[in-house]
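A short worksheet on the structure shown next.
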Amino acid sequence: MRTLLRRFAIYLFTAWTTITVNFILPRLMPGDPIQQLIGKLQGRVTPEMIKAIKAQFGQGLNQSMWTQYVHYINQLLHGDLGISITLSSPVSDVLSSQIWWTVGLIGVGAVVSFFIGTALGVLFGWTRGSRADAVIPAATFLQSVPYYFLGTILIMIFAATLHWFPLMGAYDPSLSPEWSWTYIASVLRYGELPLTSIVLSSLAGWMLGMRNMMVTTMSEDFVLMAVAKGLSRRRVMWHAARNAVLPSVANLALTIGLLVSGSLLVEQIFNYPGVGNLLVNAVGNEDYPLLQGIFLLITFTVLGANFLADALYYVLDPRTRTAAVH
Amino acid sequence: MKALRIPRSPKVIVGLVILSVFIVLTVIGPWIAPYDPNANTFIPNLTPSWEHWFGTTTLGQDVLSQLLVGCRVTMVVGFIAGLVATLISIAVGLAAGYIGGRTDEGLSLLANVFLAIPGLPLLIVINSYLPAGSQANPLVVGLVIALTGWAWGARVLRAQTMSLRDRDFVEASRIIGEKRWRIMWSEIGPNLLPIIAASLLFTILYAVGVYSTLAFLGLTNVSTWNWGTMMYWAQSNNAALANEWWWLAPPGVAIALVGTSLALINFGIDEFINPRLRAAGLTARQRRRVGLTRRPRLGFTPVLRQSPTDAKKVS
Amino acid sequence: MSSSDTHLVLQVSNFSVDYGYADEAVRAVTDVSFSLGRSRVLGVAGESGSGKSTLVYGLTRLLRAPGVISAGDVTLRLSGAREGETIDLLAASEDELRAIRWSEISIVMQSALNALNPLHKIGKEFDEVLRVHDASLSKPQRRERAEELLALVGLQPDRLQRYPHELSGGQRQRVMIALALALRPQLVIMDEPTTALDVVTQREIVSELHDLRERLGFALIFITHDLSLLVELADEIMVMYAGRIVERAPALDLYRAPRHPYTLGLMESFPPLTGERVAMTGIPGSPPNLKTPPAGCPFNPRCAHAHDRCLSEMPPLSDIGDGGRSVACWLHDPASPLEVPVSLSRPGESTPGGVK
Ligand SMILES: Nc1ncnc2c1ncn2[C@@H]1O[C@H](COP(=O)(O)OP(=O)(O)OP(=O)(O)O)[C@@H](O)[C@H]1O
Ligand SMILES: [Mg+2]
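Chains A, B and C are the protein sequences, given in the same order.
So for the first sequence, the numbering used here puts the first residue at 1; every next one is plus one.
So for the second sequence, the numbering used here puts the first residue at 327; every next one is plus one.
So for the third sequence, the numbering used here puts the first residue at 642; every next one is plus one.
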């Protein structure tokens, strides 16, 4: 339990760091980006808007940094992330309407690729030295293909040329969001290709990592012992796989951030709604309040996922539960 | 002391060959490019031909020239970011692992924080606050990438340093009274070499990927050619919808090949660090030559009676 | 074959094992023959790297790649329902092997910590072997049996709820022994089961094993490099050097009066069981590189008694009379004109404890 609490403390600290960085960056960056932004916005948005932005980034308020900081934290604690410049509505509203798309697509993609990749890794590790080894170079290549490139190629081949899948978007534009079968079916249909591209591009990494772990684990005595006990091959493989998956789970926490970052781009390619798409647009439009809100949201989600992965590891490995070892 | 001798497997050799090709292109790419990558005087949308090996873009530019010119920036940023990140991780990892105590706790916390924060969004945020001039400067972007990419290596190096610290030979030099930094440099350092090499490969891989991603998103200067900006232009001109594969494929495949080569070399390092990963040794053909009918299986040691006189007697 | 063979559990003849294939093969076990009777204990001793583990893992076909069995025959006599049948372990299919594994031959490895699955409670290890080999046992029955087995090695039943890392080294090794006896196999192989333990626990476990063997009647192959441990336990001792058997004799005889210079050196490497302590002289030098073994007797570079013949001819393992003893040493060749040194010719009755 101590280890888990320790991890939790680290994540809390990280969350606080992120918030602080978020606070400091726009105030300390050379060239005063906020000042420049306000200059550009003059006349384009309402004076109230400009006032709101000034307030959020502490422009011309003559408050001490510390007062601003306390104010900022207080706002965050109340779920107030400021107002989006381009969308003219509270960032928290924008995010809460869009996050479900991202969670649905990337969450499902991550889970599916983890499971399939791990299962394949177990198999390829088990059959090490056989013809199946020929997949390794291919998997290595696939692992190195950028997410956005793979997505683009999939669109080109399967949507634009073969017309097997819809080109872009999250659902048929002629439908409006509602709880109906046609709508849900359309969402699923439109989700197929983006999901495939996420799964394909992260699959190989899990697979190769798991294969390595499986090979390493199979040279342990207890696996030979399982054979000596006359267990079936399936059972022996299971003994090895259960142990080999642990480092994969431990790695999960490290990899989630990378995975999420990569997947965010898939939304951009497929013009899929969601946080990734918002992020790219926010950067393009210099919509700093939205950008900051998204960054906090992504970071907090990743921290949460990290903690879940740690907890899972804790459940899976009895050695972590007694403090002596590990 | 272990010297870093990477097993010379076919994988490593292929990796080294691919990487060398790209390193050569990094140096000579801009000189051998057949045309000016910006010149938009060609017939648009040509498929690959003798004049334009990789065809032309919708804007009438030569794809091969863009690829060759873009190679340099991409690779240089990747290598600089990778090197800087690795230097940071060596400093942090060695200090944390060797000194221990408070120093270790502080540095480990720092590394954990950087590991937990998703790198790309952080990078996008930092990048978007950079003054326009710096955004366009590949060097600045490379340094920012290094800042987000050192933590993984530091963590691994710390663990390894800690386990080395307590080994006999280090203990011995401590007792003799060698200076701390000398022990770190001459006793621990060489033993960390394979891990440092692995982490260098990883961070270069990460940096090439992230830099291309930023460029693809149009967050670096879109008029400096690198592989990311090529994709940015392809994407914003809907190359996918128009099925212009010759425009899309070269930069993507180039990034993937650089990544593959680094990963292949890393296989060799992995096998060096963890000998259990070394290939079981026999290809199907070699197996047949030595007379094994199938791959040796766990718990089923093959019986290969060699000379006919050894052949099984009837009992 | 003679009728006394029905008392034999295991018969091994001309058994050889290589590491690597074809030109790169290194012979790690050469031409080993022995047989093991019911309920008998065979001790195998030798320095590190002498091929003890390779021999037993090879016999059971558990040796990992690049290990290859390159010659020989291994016959196991079955018990229980298949009483009277024999199985040729080197010709057996994977399924046939699986059927006899653990129920006829079980094995205890050197490090119990590594041999137990770290994610399984001890109870699960017992439950698994019992369930896989005897589907008729119900869960409570399996549990009861597991408790019985633990009691056999002096452990409390609550240990079933523990994970391997929560037990002490001695407890873990006892668990392994109980596990090895779970299916009442006729042959148990123990590869240095006590090497990782302190001396007191070693002795305890060895004397427990002695009692268990009396009660349960399994045959045992016990590997160690500490000859003194074997005197208590073994009926017969086999000494290995560079993959060959260099001496084989009834335990007490061998201990009292070693015949091979290597055996003598091995005994001097460990303090005697009883009597006053003597300086441990051990054996100078190190075992030969198996890739380039010396010509003649493989022990000749380290042997104080080596002479010309030892440098060119390999001594065969041959019976020297003296109560069923075999030695592979030219000193004991009946045709040899050499005088056998005093330390290697003492009669069986001399005082235990090696040289004075
Ligand atoms: N996988 C392998 N590949 C090549 N040679 C090996 C391999 N495993 C063992 N050997 C060699 O085979 C010989 C016998 O090793 P083995 O493990 O059987 O010795 P041992 O008598 O059990 O020693 P110990 O007392 O240390 O357990 C040694 O010389 C060793 O170097
Ligand atoms: Mg051994």
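All residues carry an ideal CB built from backbone N, CA and C; glycine is no exception.
Closest in C-alpha terms to residue 255(A), from the list 444(B), 417(B) and 339(B), comes 444(B).
Against residue 752(C), the close residues of chain A are 221, in the order they occur along the chain (beta-carbon pairs closer than 7 Å).
Bounds of the beta strand (DSSP E) holding residue 672(C) are 667 to 678.
Each residue's CA atom was taken as its position, placing residue 157(A) and residue 397(B) some 26 Å apart.
Neighbours of residue 225(A) across chain C, judged by C-beta separation under 7 Å: 750 and 756.
Contact annotation for residue 770(C) against chain A: 229, 230 and 231 [CB-CB distance below 9 Å, chain order]. The Cβ atoms of residue 257(A) and residue 302(A) lie closer than 7 Å to each other. Short note on residue 691(C): C-beta not closer than 6 Å to any heavy atom of ligand 2. Under the Cβ criterion of 7 Å, residue 27(A) is not counted among the residues facing chain C. With a threshold of 6 Å, the Cβ atom of residue 695(C) counts as near ligand 1, since some heavy atom of the ligand is closer than that. The Cβ of residue 319(A) sits closer than 7 Å to at least one Cβ of chain C. Taking a 10 Å sphere around the C-beta of residue 830(C), we find 16 or more other C-beta atoms and assign the residue as buried.
As computed with DSSP, residue 626(B) is found in a beta bridge with 623(B). Under the 8 Å Cβ criterion, the stretch 282 to 300 of chain A counts as touching the stretch 84 to 104 of chain A, having at least three qualifying pairs.
Assigned with DSSP and collapsed to three states, residue 976(C) falls in coil, not helix or strand. Shown here, residue 861(C) sits in a strand according to DSSP, grouped into three states. For residue 817(C), the enclosing alpha helix (DSSP H) begins and ends at 810 to 821. The continuous stretches of beta strand (DSSP E) do not include residue 388(B), and DSSP gives it neither H nor E. Closer than 6 Å to some heavy atom of ligand 1: that describes the Cβ of residue 669(C). At a Cβ-Cβ threshold of 7 Å, residue 173(A) and residue 270(A) do not count as neighbours. Here the stretch 945 to 965 of chain C lies against the stretch 891 to 905 of chain C, with 3 or more beta-carbon pairs under 8 Å apart. In the displayed model, residue 660(C) falls within a strand according to three-state DSSP.
The CB of residue 41(A) never comes closer than 9 Å to any CB in chain B; the least such distance is about 16 Å. As the crow flies, the alpha-carbon of residue 684(C) is around 57 Å from that of residue 344(B).
Along the stretch 138 to 152 of chain A, going in chain order, the ones with a CB nearer than 7 Å to a CB of chain B are 140, 141, 143, 144, 145, 146, 148, 149 and 152. Closest in alpha carbon position to residue 931(C), among 663(C), 780(C), 669(C) and 938(C), is 669(C).
Beta-bridge analysis with DSSP links residue 709(C) to 659(C).
Residue 450(B) has no beta-bridge partner at all, per DSSP. Inclusion of residue 266(A) and residue 197(A) in the CB contact set at 7 Å is warranted, their separation being smaller than that value. The stretch 872 to 880 of chain C and the stretch 672 to 688 of chain C touch, with three or more beta-carbon pairs separated by less than 8 Å. For residue 841(C), the number of other beta carbons within 10 angstroms of its own is below 16, and it is reported as exposed. Put simply, of 681(C), 970(C) and 715(C) the residue whose alpha carbon is nearest the alpha carbon of residue 696(C) is 715(C). Closer than 6 Å to some heavy atom of ligand 1: that does not describe the Cβ of residue 790(C). For residue 660(C), the CB contacts under 6 Å within the same chain, skipping 5 residues up- and downstream, are 667, 669, 707 and 708 in chain order.
At a cut-off of 7 Å between beta-carbon atoms, residue 245(A) makes no contact with chain B.
For residue 117(A) against residue 207(A), the beta-carbon gap comes to about 4 Å, under 8 Å, which counts as contact.
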